[in-house]
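Peer 1:
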Amino acid sequence: MDSAARAPEKLSGVEDRPERKDPKRKAISSPYFHRLQRKHFLLFDVLPILGVVLAIALAFIHPVSAVDIGLFVAFWALSGIGISVGYHRYFTHRSFKAKPMVGAALTVLGSMAGQGALLSWVAMHRRHHELSDQPGDPHSPNLHGPGLVAGIKGLVHSHFTWMKEHDYPNVAYYAPDLLRDPLVARTARHYYSWVALGLVLPAILGGLLSQSWWGALTGFLWGGAVRMFVVGHIIWSINSLLHRFGTRPYQSRDFSRNGGVFGLLTFGEAWHNNHHAFPESPSFGLQWSVFDPGYWVIRGLNLAGLAWDLRVPSAQRRTSRKNRTLQPR
Ligand SMILES: [Zn+2]
Ligand SMILES: [Zn+2]
Numbered sequence: 066m067d068s069a070a071r072a073p074e075k076l077s078g079v080e081d082r083p084e085r086k087d088p089k090r091k092a093i094s095s096p097y098f099h100r101l102q103r104k105h106f107l108l109f110d111v112l113p114i115l116g117v118v119l120a121i122a123l124a125f126i127h128p129v130s131a132v133d134i135g136l137f138v139a140f141w142a143l144s145g146i147g148i149s150v151g152y153h154r155y156f157t158h159r160s161f162k163a164k165p166m167v168g169a170a171l172t173v174l175g176s177m178a179g180q181g182a183l184l185s186w187v188a189m190h191r192r193h194h195e196l197s198d199q200p201g202d203p204h205s206p207n208l209h210g211p212g213l214v215a216g217i218k219g220l221v222h223s224h225f226t227w228m229k230e231h232d233y234p235n236v237a238y239y240a241p242d243l244l245r246d247p248l249v250a251r252t253a254r255h256y257y258s259w260v261a262l263g264l265v266l267p268a269i270l271g272g273l274l275s276q277s278w279w280g281a282l283t284g285f286l287w288g289g290a291v292r293m294f295v296v297g298h299i300i301w302s303i304n305s306l307l308h309r310f311g312t313r314p315y316q317s318r319d320f321s322r323n324g325g326v327f328g329l330l331t332f333g334e335a336w337h338n339n340h341h342a343f344p345e346s347p348s349f350g351l352q353w354s355v356f357d358p359g360y361w362v363i364r365g366l367n368l369a370g371l372a373w374d375l376r377v378p379s380a381q382r383r384t385s386r387k388n389r390t391l392q393p394r
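Numbering (my numbering), first residue to last: 66 to 394.
1) Starting from residue 169 and walking both ways along the alpha helix (DSSP H), at which residues does that stretch end?
2) Exposed or buried, residue 276, counting other C-beta atoms within 10 Å across all chains shown (16 or more means buried)?
3) From the DSSP output, read off the bridge partner residues of residue 372.
4) May I ask which residues mark the beginning and end of the alpha helix (DSSP H) holding residue 293?
5) Do you know offhand how far residue 264's Cα is from residue 213's?
6) Would you grab the beta carbon distance between residue 333 and residue 310 for me? Rounded to a whole angstrom, and I think it's under 8 Å.
7) Along the chain, where does the alpha helix (DSSP H) containing residue 260 start, and where does it finish?
8) Please list, following the chain, all residues that have a C-beta closer than 6 Å to any non-hydrogen atom of ligand 2.
9) Return helix, strand or coil for residue 113, following the three-state DSSP convention.
10) Mind checking if residue 352 is an interface residue toward chain C, Cβ cutoff 8 Å exclusive?
11) Please find out if some non-hydrogen atom of ligand 1 comes closer than 7 Å to the beta-carbon of residue 378.
12) In this structure, how does DSSP classify residue 287 when only helix, strand and coil are distinguished?
13) Rounding to the nearest angstrom, what Cα-Cα distance links residue 200 and residue 370 in this structure?
14) State the DSSP-derived secondary structure class of residue 338, mapped to helix, strand or coil.
15) Tell me whether the beta-carbon of residue 226 lies closer than 8 Å to the beta-carbon of residue 191.
16) Since residue 228 is in the alpha helix (DSSP H), which residue starts that stretch and which ends it?
17) Using the Cβ count rule (16 or more neighbours within 10 Å means buried), how would you classify residue 321?
18) Contact defined as beta carbons within less than 8 Å: I believe residue 136 pairs with residue 297. What is the distance between those atoms, to the nearest angstrom?
19) CB of residue 226 to nearest heavy atom of ligand 1: below 7 Å?
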């Protein structure tokens, strides 16, 4: 790890501001928030596992239909793009500018993933970049001590169990820009309605396309529950696996890694070391030749005149951050 790179850097997406006197105010630990977190964890992280089991069991009675597969792929792509392009690249890091309606649409799509309301997600992720792999990082796999058992505990924590109960980042500190935007705040407030829409819509489409109640049930399972399970674990694998395993071509003040093989599944998020080195970049691949579907969506929005000010780092800046001394672990 690059210990020399501990110097504070400007946190992309957060305005420069003097440090508060009481650093605890950056995050809140309260039984009320913990209750809400456990409820959310049960609803959108545990229940989808039961949905996967039921979907597989039903597949033995009636084979999975082309409609079910189509609904799974469509809602996987929509909610995944909502998280990667919307929640992450647009709202958290402000790596491009876009028409307000694009932001609203991305908020709805990202919410469908069931990974938390926009402002909480953004605050959490900005805190992750601020304290990455240091005490206070909400989901580092590298803070459980040395040894194999501690390493496995760290991976399980960073991948899944951290969501059950954690310090809640102060949204007023980490995401004041979003609080000030009335359209964003208004759209994000209806988070639970958007998650429900992401479950009900595939059920309705499944029923209509197959002209059956069975199709509505399997549409709900494959386009809703199974899709939510898959998108969740794909995104969480960035938090867990890609802070432990992979290549490290750029300097960053953490253990972030690239895992290019996951490029398609993660919408380009797998270029995680690139991202920690250049958090302001809308392109995680950093070059056209690199597989980064999330960036292609942003380029498409750009060509349609719906997005602009794409802050991709220059070749010179990329070269200056190349990791010349450190090797992957
Ligand atoms: Zn990020
Ligand atoms: Zn990270």
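For every residue, glycine included, the Cβ atom is placed at its ideal position computed from N, Cα and C.
Peer 2: This is what the structure holds:
1) 165–176
2) exposed
3) In the DSSP output, where bridge partners are listed per residue, residue 372 has 163.
4) 292–305
5) So the two alpha carbons sit approximately 39 Å from each other.
6) Under the criterion of beta carbons closer than 8 Å, residue 333 and residue 310 do not qualify as touching, at roughly 18 Å.
7) 256–275
8) The filter returns 193, 197, 308, 321, 337, 341, in chain order.
9) Residue 113 falls in the helix class under three-state DSSP.
10) Of the protein chains in the structure, only one exists, and it is not chain C.
11) no
12) helix
13) Going from the Cα of residue 200 to the Cα of residue 370 covers about 42 Å.
14) helix
15) Not a contact, by the Cβ cut-off of 8 Å.
16) Careful: residue 228 lies outside any alpha helix (DSSP H) and carries neither H nor E.
17) With at least 16 other beta carbons inside 10 angstroms of its own, residue 321 counts as buried.
18) The Cβ separation is near 17 Å, so there is no contact.
19) no
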